[in-house]
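If you use the UniProt record's numbering, the sequence shown corresponds to residues 1 to 81, in order.
Reading through the structure tokens given below for one structure.
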Amino acid sequence: MKRFLSCFVVVLLLAGHVAAQGPAGLVVYFESGDEVYLLLAEHAGSKRGWAGFGGGPREGETISQTAAHKGMEESRGYFSQ
Numbered sequence: 001m002k003r004f005l006s007c008f009v010v011v012l013l014l015a016g017h018v019a020a021q022g023p024a025g026l027v028v029y030f031e032s033g034d035e036v037y038l039l040l041a042e043h044a045g046s047k048r049g050w051a052g053f054g055g056g057p058r059e060g061e062t063i064s065q066t067a068a069h070k071g072m073e074e075s076r077g078y079f080s081q
């Protein structure tokens, strides 16, 4: 069983525009003992690998809120807000 479960939201801001909201990024992983597992995308045809998940902010969301809701959606609710 997983001993330690973490979901970290990594927020990346575009330099130069403090008022503008830049893109948000997300790294979902868990640790079990000395091993670290990362969430990867699974596409049609059982192809797995690194991929960007589509979507964007809901109206009025901050970058952090967008990253959190995308993490919840893409993990099928496993990582909740």
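Note that beta-carbon positions come from the ideal geometry of N, C-alpha and C, so glycine has one too.
Any idea what DSSP makes of Ser-64, helix, strand or coil? If you number the sequence shown from 1, residue 64 lands on position 64. Helix.
With H, G and I counted as helix, E and B as strand and the rest as coil, what does DSSP make of Glu-31? In the sequence shown, the residue the question calls residue 31 occupies position 31. Strand, per DSSP.
Look at Val-27 and Gly-71 and say whether their C-beta atoms are less than 7 Å apart. Numbered from 1 along the sequence shown, position 27 holds the residue referred to as residue 27. Numbered from 1 along the sequence shown, position 71 holds the residue referred to as residue 71. Contact: no.
With a threshold of 7 Å on Cβ separation, who are the neighbours of Val-36 within its own chain once the five nearest residues in sequence on each side are excluded? For the purposes of this step, residue 36 is identified with residue 36 of the sequence shown, where counting begins at 1. Here the set comprises Tyr-29.
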